[in-house]
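In the numbering used here, the protein residues as written are 143 to 517.
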């Protein structure tokens, strides 16, 4: 059997093997390639047509090293010819198709492109939670043409998020990063369940500005001031009482705030965190984010969910790898996490459920569109 496996290799930097997305992808590929052929599907960046700098070819050697197995790279221009090579290969063979976003049909959720992809395999597994809030050909439409199911990592992350809906109090939401606009929906959806909302980064600046505080040249969202003023009336929302400044801008929460936030976090039974507290890449402004990580780590009784690329990148402040306490679930997708917690439907998850609920009609579609099964 040939499995089309949707993973996420949208990983920046020269050491992809250090990222959570990479390590989880390797876990899944190893498991599936024991008995079956695997065709890896992913995107990388936001190309406008072919761009050699955004080719997935750069991931072939790191994957081969991690898997201990040879990987056959398929240029996107050769996708039409790939089927015969896959068919001739033996069980355990692994193929890496180049960046799906080199084809316009990917982000347009094209029926034609999804059929082309479906023709490469016998079964589709989506293990990419990070793109589940986007309707792409490789995450949504393809599920109509092959037997489809979620992968182990996607299931793990969804289960962790569903636990939040059955949250135990005290429930603490930690919001940082750059924007409040992409997190306001989460606050509105969960505010009746939440006990404390701890703000840092750009979101804190926007709330402080809305309350009339002087934030100098700090990053904030002017267009969100009106909405934030309304939210500010809720006493559950806590803004920094002190900050670390540089060049007339706030770049981290201050020591008093870090101490106060840590005390609240350590008493929590449910924790959700999205976004660092400041410019953690600079050691001068990393103490706030580091203190939050330490507080989350020390709280072993809480159900904790942490997501977002920058938040996970900041984990290096306390750990060199992604091994954390069992009560903490690290999510590979920040945007998808925010969509889910805001109460929105994620197209890729809906597609998998539709596939399950409409198996009869899906089977008819497959009979009309799929080539014969390949061994």
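C-beta: ideal position from N, C-alpha, C; glycine also.
Note that the structure is predicted; figures quoted are calculated from it, not measured.
Original post:
If we count the other Cβ atoms within 10 Å of its Cβ and call it buried at 16 or more, is residue 292 buried or exposed?
Top reply: On the chain shown, position 150 is the one that residue 292 refers to. Buried is the call here.
**OP:** Classify residue 310 as helix, strand or coil using the three-state DSSP reduction.
**Re:** As a position in the chain shown, residue 310 is number 168, starting the count at 1. Correct three-state label for residue 310: coil.
**OP:** Tell me, please, which residues DSSP counts as bridged to residue 384.
**Re:** Looking up residue 384 in the chain shown gives position 242. None, per the DSSP bridge assignment.
Original post:
Should residue 289 be listed as close to the ligand FAD, given that the test is whether its C-beta is under 7 angstroms from any heavy atom?
Top reply: In terms of ligand content, the structure shown is empty, and the ligand FAD therefore cannot be addressed.
Original post:
What beta strand (DSSP E) runs, 3 residues minimum, are completely inside the stretch 203 to 257?
Top reply: Every beta strand (DSSP E) stretch that sits fully inside the stretch 203 to 257 and reaches 3 residues is listed by chain position as 213 to 216 and 236 to 239.
Original post:
Does the Cβ of residue 397 have 16 or more other Cβ atoms within 10 Å, making it buried, or fewer, making it exposed?
Top reply: For the purposes of this step, residue 397 is identified with residue 255 of the chain shown, where counting begins at 1. With fewer than 16 Cβ atoms within 10 Å of its Cβ, residue 397 is classed as exposed.
**OP:** For the beta strand (DSSP E) containing residue 449, list its first residue and its last residue.
**Re:** Taking the first residue of the chain shown as position 1, residue 449 is located at position 307. Counting along the chain, the beta strand (DSSP E) containing residue 449 begins and ends at 445 to 449.
Subject >> Per DSSP, the bridge partner or partners of residue 144 >> reply: For the purposes of this step, residue 144 is identified with residue 2 of the chain shown, where counting begins at 1. According to DSSP, residue 144 bridges with 179.
Original post:
For residue 394, which residues does DSSP report across the bridge?
Top reply: Within the chain shown, residue 394 is the residue found at index 252, counting from 1. For residue 394, which the question treats as bridged, DSSP gives the partners 386.
Original post:
Helix, strand or coil: how does DSSP classify residue 466 here?
Top reply: If you number the chain shown from 1, residue 466 lands on position 324. Three-state DSSP puts residue 466 in coil, outside helix and strand.
Original post:
Quick one: what's got a C-beta closer than 7 angstroms to residue 332's C-beta in the same chain, skipping five residues either side?
Top reply: Within the chain shown, the letter at position 190 stands for residue 332. Counting only residues of its own chain and dropping the five nearest sequence neighbours on each side, residue 332 has a CB closer than 7 angstroms to the CB of 315 and 483.
Original post:
Where does residue 414 sit, in a helix, a strand or coil, going by DSSP?
Top reply: What you label residue 414 is simply residue 272 of the chain shown in a count that begins at 1. It is a strand residue.
Original post:
For residue 193, which option in 218, 212 and 402 has the closest C-alpha, if you only look at C-alpha atoms?
Top reply: The residue given as residue 193 occupies position 51 in the chain shown. Residue 193 has its Cα closest to that of 218, out of 218, 212 and 402.
Subject >> Meets three-Cβ-pair contact criterion under 8 angstroms: the stretch 173 to 187 and the stretch 299 to 306 >> reply: Using a C-beta cut-off of 8 angstroms, the stretch 173 to 187 makes no contact with the stretch 299 to 306, since fewer than three inter-stretch Cβ pairs fall below that distance.
Subject >> Cβ-Cβ separation, residue 184 to residue 151 (assumed contact under 8 angstroms), whole Å >> reply: Taking the chain shown and counting its residues from 1, the one referred to as residue 151 is at position 9. Taking the chain shown and counting its residues from 1, the one referred to as residue 184 is at position 42. Indeed, because the Cβ distance is near 4 angstroms, the residues count as touching under 8 angstroms.
Original post:
Under the three-state reduction of DSSP, which class applies to residue 359: helix, strand or coil?
Top reply: Looking up residue 359 in the chain shown gives position 217. Correct three-state label for residue 359: coil.
Subject >> Beta-carbon spacing of residue 148, residue 294 below 8 angstroms >> reply: Residue mapping note: residue 148 aligns to position 6 of the chain shown, counting from 1. Residue mapping note: residue 294 aligns to position 152 of the chain shown, counting from 1. Against a cut-off of 8 angstroms, the Cβ pair of residue 294 and residue 148 comes out as no contact.
Original post:
Which residue comes first and which comes last in the beta strand (DSSP E) that contains residue 425?
Top reply: Looking up residue 425 in the chain shown gives position 283. That residue, residue 425, is in no beta strand (DSSP E); it is neither H nor E in DSSP.
Original post:
Within the chosen definition, does the stretch 441 to 458 reach the stretch 470 to 479 through at least 3 CB pairs nearer than 8 angstroms?
Top reply: By the C-beta criterion, the stretch 441 to 458 is judged to be in contact with the stretch 470 to 479, since at least 3 inter-stretch pairs fall below 8 angstroms.
**OP:** Can you tell me which of the three DSSP states residue 376 falls into?
**Re:** Stepping through the chain shown from its first residue, residue 376 is reached at position 234. Of the three classes helix, strand and coil, the one that applies to residue 376 here is coil, per DSSP.
**OP:** May I ask you to report which of helix, strand or coil DSSP gives residue 496?
**Re:** As a first step, residue 496 is located in the chain shown; it is residue number 354 there, counting from the start. For residue 496, the predicted model reports a pLDDT of 41, less than 50, meaning its position is unreliable; a value from the coordinates is still stated below. Helix.
Original post:
Rounded to a whole number of angstroms, what is the C-alpha to C-alpha distance between residue 168 and residue 200?
Top reply: Counting from one through the chain shown, the residue named residue 168 turns up at place 26. Counting from one through the chain shown, the residue named residue 200 turns up at place 58. Residue 168 and residue 200 have their C-alpha atoms roughly 15 angstroms apart.
Subject >> Cβ-based neighbour list, residue 240, same chain, cut-off 8 angstroms, excluding 5 preceding and 5 following >> reply: Locating residue 240 in the chain shown gives position 98, counting from the first residue. Excluding the 5 residues flanking it on each side, residue 240 has same chain C-beta neighbours closer than 8 angstroms at 197, 198, 199, 215, 216, 217 and 218, in chain order.
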